[in-house]
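Residue numbers (my numbering): 1229 to 1507.
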(Lines of atoms letter the chains of each structure in order from A and count residues from 1; the text may use other names and numbers.)
(Lines give C-alpha, C1' and ligand atoms only; values in the text may rest on other atoms or scores of the structure.)
Protein backbone atom coordinates (compact mmCIF):
# COMPACT_ATOMS: atom_id res chain seq x y z
CA UNK A 1 0.00 0.00 0.00
CA UNK A 2 2.80 2.43 0.85
CA UNK A 3 4.58 1.57 -2.40
CA UNK A 4 1.35 2.26 -4.30
CA UNK A 5 0.96 5.61 -2.53
CA UNK A 6 4.53 6.61 -3.35
CA UNK A 7 4.01 5.67 -7.00
CA UNK A 8 0.83 7.73 -7.20
CA UNK A 9 2.68 10.67 -5.66
CA UNK A 10 5.35 10.44 -8.34
CA UNK A 11 2.69 10.24 -11.04
CA UNK A 12 0.82 13.28 -9.76
CA UNK A 13 4.01 15.32 -9.67
CA UNK A 14 4.97 14.17 -13.15
CA UNK A 15 1.56 15.01 -14.56
CA UNK A 16 1.84 18.53 -13.17
CA UNK A 17 5.30 18.89 -14.68
CA UNK A 18 3.99 17.80 -18.07
CA UNK A 19 1.14 20.33 -17.86
CA UNK A 20 -1.53 17.69 -18.28
CA UNK A 21 -4.70 19.61 -19.05
CA UNK A 22 -7.23 17.00 -17.95
CA UNK A 23 -7.10 14.46 -15.15
CA UNK A 24 -6.68 10.80 -16.06
CA UNK A 25 -9.24 8.56 -14.40
CA UNK A 26 -7.82 6.50 -11.55
CA UNK A 27 -8.20 2.93 -12.70
CA UNK A 28 -6.36 -0.31 -12.20
CA UNK A 29 -6.94 -4.01 -12.59
CA UNK A 30 -7.82 -5.37 -9.15
CA UNK A 31 -5.04 -7.97 -8.98
CA UNK A 32 -2.52 -7.42 -11.81
CA UNK A 33 0.25 -9.62 -10.42
CA UNK A 34 3.91 -8.55 -10.30
CA UNK A 35 5.33 -6.02 -12.76
CA UNK A 36 6.48 -7.64 -16.01
CA UNK A 37 10.10 -8.38 -16.85
CA UNK A 38 9.73 -7.89 -20.61
CA UNK A 39 7.45 -5.93 -22.91
CA UNK A 40 6.68 -4.99 -26.48
CA UNK A 41 4.80 -2.10 -28.10
CA UNK A 42 2.47 -2.69 -31.05
CA UNK A 43 0.96 0.10 -33.11
CA UNK A 44 1.69 2.89 -35.55
CA UNK A 45 3.81 6.04 -35.86
CA UNK A 46 2.45 7.46 -32.61
CA UNK A 47 4.08 4.59 -30.74
CA UNK A 48 7.22 4.94 -32.86
CA UNK A 49 7.31 8.54 -31.54
CA UNK A 50 7.49 9.90 -35.08
CA UNK A 51 8.75 13.51 -35.09
CA UNK A 52 9.23 13.49 -31.32
CA UNK A 53 12.89 14.49 -31.47
CA UNK A 54 13.91 15.15 -35.06
CA UNK A 55 12.96 15.59 -38.67
CA UNK A 56 10.51 13.00 -39.95
CA UNK A 57 11.79 9.86 -38.27
CA UNK A 58 10.83 7.69 -35.34
CA UNK A 59 12.32 8.61 -31.98
CA UNK A 60 11.63 5.42 -30.03
CA UNK A 61 13.66 6.67 -27.06
CA UNK A 62 10.72 9.01 -26.38
CA UNK A 63 7.93 6.54 -27.08
CA UNK A 64 5.09 6.63 -24.54
CA UNK A 65 5.32 2.83 -24.36
CA UNK A 66 8.91 1.57 -24.56
CA UNK A 67 10.84 4.84 -24.42
CA UNK A 68 13.91 5.05 -22.20
CA UNK A 69 14.54 8.80 -22.33
CA UNK A 70 14.47 10.52 -18.95
CA UNK A 71 12.15 13.13 -20.51
CA UNK A 72 9.30 10.65 -20.97
CA UNK A 73 7.35 8.78 -18.32
CA UNK A 74 6.87 5.72 -20.50
CA UNK A 75 5.38 2.40 -19.48
CA UNK A 76 8.89 0.95 -19.68
CA UNK A 77 10.34 3.50 -17.28
CA UNK A 78 7.40 3.24 -14.88
CA UNK A 79 7.74 -0.54 -14.78
CA UNK A 80 11.53 -0.34 -14.51
CA UNK A 81 11.15 1.69 -11.32
CA UNK A 82 9.23 -1.28 -9.87
CA UNK A 83 11.12 -4.11 -11.57
CA UNK A 84 14.65 -3.34 -12.87
CA UNK A 85 14.75 -6.78 -14.52
CA UNK A 86 12.85 -5.32 -17.49
CA UNK A 87 15.92 -3.28 -18.47
CA UNK A 88 17.17 -4.53 -21.83
CA UNK A 89 14.03 -6.56 -22.44
CA UNK A 90 11.73 -4.19 -24.33
CA UNK A 91 10.85 -4.11 -28.01
CA UNK A 92 8.99 -1.69 -30.26
CA UNK A 93 7.25 -3.43 -33.16
CA UNK A 94 5.12 -0.43 -34.14
CA UNK A 95 5.41 0.81 -37.72
CA UNK A 96 4.73 4.11 -39.44
CA UNK A 97 1.43 4.01 -41.30
CA UNK A 98 0.25 0.81 -39.63
CA UNK A 99 -3.45 0.02 -39.54
CA UNK A 100 -5.37 -2.58 -37.59
CA UNK A 101 -4.84 -5.03 -40.46
CA UNK A 102 -1.10 -4.90 -39.69
CA UNK A 103 -1.57 -5.77 -36.03
CA UNK A 104 -1.64 -9.58 -36.40
CA UNK A 105 1.79 -9.48 -38.05
CA UNK A 106 3.17 -7.36 -35.23
CA UNK A 107 1.63 -9.79 -32.74
CA UNK A 108 3.35 -12.75 -34.41
CA UNK A 109 6.67 -10.95 -34.02
CA UNK A 110 5.85 -10.35 -30.35
CA UNK A 111 5.27 -14.07 -29.84
CA UNK A 112 8.77 -14.73 -31.13
CA UNK A 113 10.13 -12.16 -28.68
CA UNK A 114 8.63 -14.05 -25.75
CA UNK A 115 7.42 -11.02 -23.79
CA UNK A 116 5.00 -10.94 -20.86
CA UNK A 117 3.50 -7.45 -21.38
CA UNK A 118 2.12 -5.91 -24.58
CA UNK A 119 0.83 -2.39 -25.24
CA UNK A 120 -1.42 -1.75 -28.23
CA UNK A 121 -2.39 1.61 -29.71
CA UNK A 122 -3.81 1.18 -33.20
CA UNK A 123 -6.55 2.79 -35.27
CA UNK A 124 -5.60 6.39 -36.00
CA UNK A 125 -4.64 5.42 -39.56
CA UNK A 126 -7.88 3.47 -39.93
CA UNK A 127 -9.79 6.72 -39.42
CA UNK A 128 -7.20 9.16 -40.81
CA UNK A 129 -7.48 8.46 -44.53
CA UNK A 130 -7.43 10.38 -47.80
CA UNK A 131 -11.22 10.36 -47.88
CA UNK A 132 -14.01 9.55 -45.47
CA UNK A 133 -15.01 6.62 -47.67
CA UNK A 134 -11.56 5.06 -47.29
CA UNK A 135 -11.88 4.60 -43.52
CA UNK A 136 -11.66 1.02 -42.29
CA UNK A 137 -15.09 -0.55 -41.69
CA UNK A 138 -15.80 -1.19 -38.02
CA UNK A 139 -16.27 -4.93 -38.57
CA UNK A 140 -12.92 -5.20 -40.35
CA UNK A 141 -11.21 -3.29 -37.56
CA UNK A 142 -12.68 -5.63 -34.94
CA UNK A 143 -11.69 -8.71 -36.92
CA UNK A 144 -8.06 -7.56 -36.99
CA UNK A 145 -8.07 -6.82 -33.26
CA UNK A 146 -9.56 -10.24 -32.48
CA UNK A 147 -7.03 -11.99 -34.71
CA UNK A 148 -4.11 -10.22 -33.04
CA UNK A 149 -5.40 -11.00 -29.56
CA UNK A 150 -5.87 -14.66 -30.48
CA UNK A 151 -2.27 -14.81 -31.70
CA UNK A 152 -1.05 -13.36 -28.42
CA UNK A 153 -3.26 -15.66 -26.35
CA UNK A 154 -2.08 -18.78 -28.18
CA UNK A 155 1.58 -17.83 -28.44
CA UNK A 156 2.12 -16.08 -25.11
CA UNK A 157 -0.02 -17.77 -22.43
CA UNK A 158 -0.44 -15.46 -19.46
CA UNK A 159 0.69 -12.34 -21.32
CA UNK A 160 -0.85 -9.11 -20.05
CA UNK A 161 -2.16 -6.74 -22.70
CA UNK A 162 -2.91 -3.03 -22.42
CA UNK A 163 -5.29 -1.78 -25.12
CA UNK A 164 -5.11 2.00 -25.37
CA UNK A 165 -7.95 4.06 -26.84
CA UNK A 166 -7.45 6.05 -30.03
CA UNK A 167 -7.07 9.81 -29.40
CA UNK A 168 -9.97 12.11 -30.27
CA UNK A 169 -9.23 13.30 -33.81
CA UNK A 170 -11.93 15.96 -33.73
CA UNK A 171 -10.20 17.49 -30.72
CA UNK A 172 -7.06 17.64 -32.88
CA UNK A 173 -9.05 19.60 -35.46
CA UNK A 174 -10.55 21.86 -32.78
CA UNK A 175 -7.20 23.01 -31.39
CA UNK A 176 -5.39 23.16 -34.73
CA UNK A 177 -7.96 24.69 -37.04
CA UNK A 178 -7.60 28.07 -35.30
CA UNK A 179 -3.81 28.05 -35.79
CA UNK A 180 -2.77 29.17 -39.30
CA UNK A 181 0.57 27.35 -39.12
CA UNK A 182 -1.11 24.06 -38.22
CA UNK A 183 -3.62 24.44 -41.05
CA UNK A 184 -0.83 25.16 -43.55
CA UNK A 185 1.07 22.06 -42.42
CA UNK A 186 -2.02 19.87 -42.70
CA UNK A 187 -2.75 21.20 -46.19
CA UNK A 188 0.84 20.86 -47.41
CA UNK A 189 1.31 17.34 -46.03
CA UNK A 190 -2.19 16.05 -46.75
CA UNK A 191 -2.58 15.06 -43.11
CA UNK A 192 -5.62 13.02 -42.06
CA UNK A 193 -7.81 14.46 -44.80
CA UNK A 194 -10.87 12.54 -43.67
CA UNK A 195 -10.90 14.83 -40.61
CA UNK A 196 -8.65 17.78 -41.46
CA UNK A 197 -9.57 18.64 -45.07
CA UNK A 198 -11.06 22.14 -45.38
CA UNK A 199 -9.93 22.69 -41.82
CA UNK A 200 -11.26 26.25 -41.48
CA UNK A 201 -14.64 25.50 -43.04
CA UNK A 202 -17.84 25.58 -41.01
CA UNK A 203 -20.01 24.46 -43.91
CA UNK A 204 -22.56 21.83 -42.85
CA UNK A 205 -21.02 19.18 -45.10
CA UNK A 206 -17.60 19.60 -43.46
CA UNK A 207 -19.01 19.74 -39.92
CA UNK A 208 -21.03 16.58 -40.53
CA UNK A 209 -18.02 14.81 -42.08
CA UNK A 210 -15.90 15.56 -39.00
CA UNK A 211 -18.67 14.26 -36.76
CA UNK A 212 -18.82 11.01 -38.73
CA UNK A 213 -15.06 10.51 -38.57
CA UNK A 214 -15.14 11.10 -34.82
CA UNK A 215 -17.96 8.60 -34.52
CA UNK A 216 -15.83 6.05 -36.36
CA UNK A 217 -13.10 6.54 -33.75
CA UNK A 218 -15.71 6.13 -31.00
CA UNK A 219 -16.87 2.92 -32.69
CA UNK A 220 -13.29 1.63 -32.95
CA UNK A 221 -12.73 2.32 -29.27
CA UNK A 222 -15.92 0.49 -28.38
CA UNK A 223 -14.62 -2.52 -30.29
CA UNK A 224 -11.36 -2.35 -28.34
CA UNK A 225 -13.28 -2.33 -25.06
CA UNK A 226 -15.46 -5.27 -26.08
CA UNK A 227 -12.55 -7.30 -27.45
CA UNK A 228 -10.55 -6.74 -24.29
CA UNK A 229 -13.48 -7.74 -22.07
CA UNK A 230 -13.92 -10.92 -24.11
CA UNK A 231 -10.21 -11.72 -23.72
CA UNK A 232 -10.46 -11.78 -19.95
CA UNK A 233 -8.66 -10.27 -16.94
CA UNK A 234 -5.23 -10.44 -18.58
CA UNK A 235 -6.36 -7.67 -20.94
CA UNK A 236 -6.94 -4.11 -19.76
CA UNK A 237 -8.66 -1.36 -21.75
CA UNK A 238 -7.99 2.21 -20.65
CA UNK A 239 -11.71 3.08 -20.39
CA UNK A 240 -11.29 5.83 -23.01
CA UNK A 241 -8.68 7.67 -20.90
CA UNK A 242 -6.52 8.61 -23.89
CA UNK A 243 -9.56 9.43 -26.04
CA UNK A 244 -10.83 11.75 -23.30
CA UNK A 245 -7.48 13.45 -22.70
CA UNK A 246 -7.55 17.06 -23.93
CA UNK A 247 -4.06 17.49 -25.33
CA UNK A 248 -2.80 20.95 -26.28
CA UNK A 249 -1.31 22.18 -29.54
CA UNK A 250 2.10 22.61 -27.92
CA UNK A 251 2.11 18.87 -27.18
CA UNK A 252 2.18 18.16 -30.92
CA UNK A 253 5.24 18.23 -33.17
CA UNK A 254 5.95 21.56 -34.84
CA UNK A 255 6.86 19.55 -37.95
CA UNK A 256 3.32 18.32 -38.60
CA UNK A 257 1.02 19.37 -35.71
CA UNK A 258 -0.25 15.82 -35.72
CA UNK A 259 2.14 13.48 -33.92
CA UNK A 260 2.85 13.97 -30.20
CA UNK A 261 6.14 15.70 -29.46
CA UNK A 262 8.22 14.82 -26.41
CA UNK A 263 5.75 16.50 -24.05
CA UNK A 264 2.85 14.80 -25.81
CA UNK A 265 4.51 11.40 -25.57
CA UNK A 266 5.14 12.04 -21.87
CA UNK A 267 1.47 12.85 -21.26
CA UNK A 268 0.35 9.86 -23.31
CA UNK A 269 2.54 7.59 -21.21
CA UNK A 270 1.27 9.01 -17.93
CA UNK A 271 -2.42 8.93 -18.84
CA UNK A 272 -2.38 5.44 -20.33
CA UNK A 273 -0.21 3.93 -17.59
CA UNK A 274 -2.36 5.26 -14.77
CA UNK A 275 -5.42 3.85 -16.57
CA UNK A 276 -3.77 0.45 -16.80
CA UNK A 277 -2.68 -2.44 -14.60
CA UNK A 278 -1.62 -0.33 -11.64
CA UNK A 279 1.89 -1.60 -10.98
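All C-beta atoms, glycine included, are put in the ideal place defined by N, C-alpha and C.
- Taking C-alpha positions only, residue 1331 is separated from residue 1468 by approximately 20 angstroms.
- Around the beta carbon of residue 1433, fewer than 16 other beta carbons lie within 10 angstroms, which makes this residue exposed.
- Residue 1363 sits in coil when the DSSP states are folded into three classes, being neither helix nor strand.
- For residue 1447, same chain residues with a beta-carbon under 6 angstroms away, outside a window of 5 residues either side, are 1366 in chain order.
- At the C-beta level, residue 1353 and residue 1334 stay beyond 8 angstroms of one another.
- Judged by DSSP secondary structure, residue 1450 falls outside any beta strand (DSSP E) and instead within the alpha helix (DSSP H) spanning 1432-1459.
- According to the DSSP assignment, residue 1496 belongs to the alpha helix (DSSP H) that extends over 1490-1502.
- Apart from the 5 residues on each side of it in sequence, residue 1356 sits with its Cβ closer than 7 angstroms to the Cβ of 1397, 1420, 1422, 1423 in its chain, given in chain order.
- Closest by C-alpha distance to residue 1284, out of 1395, 1325, 1301, is 1325.
- Non-local beta-carbon contacts of residue 1274 in its own chain, meaning distances under 7 angstroms to residues more than five positions away in sequence, involve 1349, 1352, 1487, 1488 in chain order.
- Taking C-beta atoms as the reference points, residue 1269 and residue 1293 count as a pair closer than 8 angstroms.
- With respect to the 8 angstroms criterion, residue 1393 and residue 1345 are not classified as neighbours on the basis of their beta carbons.
- In the structure shown, residue 1370 adopts helical secondary structure according to DSSP, grouped into three states.
- In the structure shown, residue 1387 adopts coil according to DSSP, grouped into three states.
- Restricting attention to beta strand (DSSP E) runs no shorter than 3 residues, the stretch 1299-1339 encloses them at 1318-1320, ordered along the chain.
- Residue 1371 and residue 1272 have their C-alpha atoms spaced approximately 18 angstroms apart.
- Sequence-distant Cβ neighbours of residue 1360 in its own chain, meaning closer than 6 angstroms and more than five residues away, are 1422, 1437.
- With a threshold of 16 other beta carbon atoms within 10 Å, residue 1286 meets it and is buried.
- Burial is judged here by how many other beta carbons sit within 10 angstroms of a residue's own beta carbon; residue 1443 has fewer than 16 and is exposed.
- The beta carbon of residue 1307 sits closer than 8 angstroms to the beta carbons of 1263, 1264, 1267, 1314, 1345, 1507 from its chain, once the five residues preceding and following it are set aside; these are given in chain order.
- A straight line joining the alpha-carbon of residue 1481 with that of residue 1409 spans about 12 angstroms.
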